[in-house]
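Down below is the structure, laid out as structure tokens.
In the working numbering, the protein residues as written are 14 to 273.
Quick look at the structure:
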């Protein structure tokens, strides 16, 4: 049996809802499948009334991101200044790629008819019946909180599929950060938008994914459906119940462990 056939069967076994909204994080390395076939299998499982959403984040255009710090780590101060001034790629929602999000995300982003939200660092891309509705109106001052598409996915009772990746990659957990008590700290972000040297600065929640794997490990098993595909774990869950649980976990454990 081919990996593609196994994937199609797996999506049915997991219970992916026809007509539903599905946010997918995936690693296709080692599957032997091109992202176009995986995209098409997901769309087939969702049917004509369904919507497929992926992260299309672009940390490469920001000098406050981990990606930038890694990029300039071995440059001199002068070289880093030149890179920042002349070589940082400005964000354009129509053309900027999202290479750090994986092959499927870039495939979805570039599919004809795909919609992409407008945030210059944490955009989402989608295909399907509700893509335009769910991905419009992404406040540039709100990465993944109440004024982002992530909150609309929550309201739409979306499901999340972790396809051969763990909870450390789960962007939905960031919505729980915005909803935790006490409110999380904020920080300043900077990124290039529209043209080289056109810097945009804003303040938002200090996103912190370093304990996401731990939060995922604490989730009640009844909230998760798990299978194996191509040698790694696949997890499907309803976004609402899991985000609510992670919100409560963050409210308890981050304060206690001084993670903020």
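By construction, the Cβ of each residue, glycine as well, lies at the ideal position given by its N, Cα and C atoms.
Roughly how many whole angstroms lie between the Cα atoms of residue 81 and residue 230?
-> Start at 1 with the first residue of the chain shown, and residue 81 comes out as number 68. Start at 1 with the first residue of the chain shown, and residue 230 comes out as number 217. One C-alpha to the other measures close to 30 Å.
> Quick one, are the C-beta atoms of residue 34 and residue 64 less than 8 Å apart?
Replying inline: The residue given as residue 34 occupies position 21 in the chain shown. The residue given as residue 64 occupies position 51 in the chain shown. Yes, the pair counts as a contact, with Cβ atoms nearer than the cut-off.
What number of angstroms, rounded off, separates the C-alpha of residue 68 from the C-alpha of residue 51?
By one-based count along the chain shown, residue 68 stands at place 55. By one-based count along the chain shown, residue 51 stands at place 38. In a straight line, the C-alpha of residue 68 is about 16 Å away from that of residue 51.
Output needed for residue 79: all residues of its chain with C-beta closer than 8 Å, excluding positions within five of it in sequence on either side, in chain order.
By one-based count along the chain shown, residue 79 stands at place 66. The answer, listed in chain order, is 72.
> Under 8 Å, do residue 190 and residue 173 count as touching if we go by C-beta distance?
Replying inline: Numbered from its first residue, the chain shown carries residue 190 at position 177. Numbered from its first residue, the chain shown carries residue 173 at position 160. No, these two residues do not count as a Cβ contact at 8 Å.
Exercise for review: Tell me whether residue 239 sits in a helix, a strand or coil according to DSSP, three-state version.
Suggested key: Working through the chain shown from its first residue, we reach residue 239 at position 226. In the structure shown, residue 239 sits in a strand (DSSP, three-state: E or B).
Taking the alpha-carbon positions, what's the residue 105 to residue 151 distance? Stepping through the chain shown from its first residue, residue 105 is reached at position 92. Stepping through the chain shown from its first residue, residue 151 is reached at position 138. Residue 105 and residue 151: Cα-Cα distance of roughly 14 Å.
**OP:** Would you identify the three-state DSSP class for residue 38, choosing helix, strand or coil?
**Re:** To locate residue 38, count along the chain shown from 1; it is residue 25. Strand.
**Report entry** Any C-beta of chain D under 8 Å from that of residue 112
**Finding:** You won't find chain D in this structure, because it holds only one protein chain.
Please give the ranges of any alpha helix (DSSP H) in the segment 163-243, keeping only runs that are unbroken, at least 4 residues long and fully inside the region. 185-192 and 225-231
- Item | Backbone secondary structure at residue 265 - three-state DSSP | Within the chain shown, residue 265 is the residue found at index 252, counting from 1. Helix.
* Asked: Taking the C-alpha atoms as reference points, what is the distance between residue 30 and residue 59?
  -> Counting from one through the chain shown, the residue named residue 30 turns up at place 17. Counting from one through the chain shown, the residue named residue 59 turns up at place 46. C-alpha separation (whole angstroms): 6 Å.
| What is the C-beta distance between residue 147 and residue 165, in whole angstroms, given that I count them as a contact (C-beta under 8 Å)? | As a working note, residue 147 is residue 134 in the chain shown. As a working note, residue 165 is residue 152 in the chain shown. Yes, residue 147 and residue 165 are in contact; Cβ-Cβ is about 5 Å, under 8 Å.
**Prompt:** Short check: CB of residue 221 to CB of residue 133, under 8 Å?
**Reply:** Reading the chain shown from its first residue, position 208 is the one you call residue 221. Reading the chain shown from its first residue, position 120 is the one you call residue 133. Contact: no.
Whole-angstrom Cβ separation of residue 258 and residue 236, contact assumed at under 8 Å?
-> As a working mapping, residue 258 is identified with position 245 in the chain shown. As a working mapping, residue 236 is identified with position 223 in the chain shown. With a Cβ gap of about 7 Å, residue 258 and residue 236 count as contacting.
Check your understanding: residue 133 by DSSP, collapsed to three states: which one?
Key -> Sequence index remark: in the chain shown, residue 133 carries index 120 (1-based). Three-state result, residue 133: coil.
| Which stretch, first to last residue, makes up the beta strand (DSSP E) that contains residue 251? | As a working note, residue 251 is residue 238 in the chain shown. Segment 245-251, the beta strand (DSSP E) holding residue 251.
- request: Please check the pair residue 41 and residue 48, which I expect to be a contact at CB under 8 Å, by giving their CB distance rounded to whole angstroms.
  value: Along the chain shown, one-based indexing puts residue 41 at 28. Along the chain shown, one-based indexing puts residue 48 at 35. Correct: roughly 6 Å between the Cβ atoms.
Below 8 Å on the Cβ atoms is my guess for residue 193 versus residue 263; work out the distance and round it to an integer in Å.
By 1-based counting over the chain shown, the position of residue 193 is 180. By 1-based counting over the chain shown, the position of residue 263 is 250. Contact holds; Cβ gap of about 4 Å.
Worksheet item: For residue 86, does the count of other Cβ atoms within 10 angstroms reach 16, so buried, or fall short, so exposed?
Response: In the chain shown, residue 86 corresponds to position 73, counting from 1. Answer is exposed; the Cβ neighbour count stays below 16.
Which residues share a DSSP beta bridge with residue 64?
Taking the first residue of the chain shown as 1, we reach residue 64 at position 51. DSSP output for residue 64 lists 34 and 141 as bridge partner(s).
So, using beta-carbon positions, are residue 77 and residue 213 closer together than 8 Å? Translated into positions along the chain shown, residue 77 becomes position 64. Translated into positions along the chain shown, residue 213 becomes position 200. No.
Helix, strand or coil for residue 289? Go by DSSP, reduced to three states.
This structure gives no information on residue 289, because the portion of the chain shown stretches from 14 to 273.
Leaving out five residues on either side along the sequence, give the residues of the same chain with a beta carbon under 8 Å from the beta carbon of residue 19. The sequence position of residue 19 within the chain shown is 6, counting from 1. Around residue 19: 242 and 243.
(Q) Taking the alpha carbon of residue 70 as the reference point, which residue from 253, 138 and 179 has its own alpha carbon closest? (A) Walking along the chain shown from the start, residue 70 turns up at place 57. Considering only alpha carbons, the answer is 138.
inquiry  = Using the three-state DSSP reduction, which class does residue 128 fall into: helix, strand or coil?
reply    = Reading the chain shown from its first residue, position 115 is the one you call residue 128. Residue 128 falls in the strand class under three-state DSSP.
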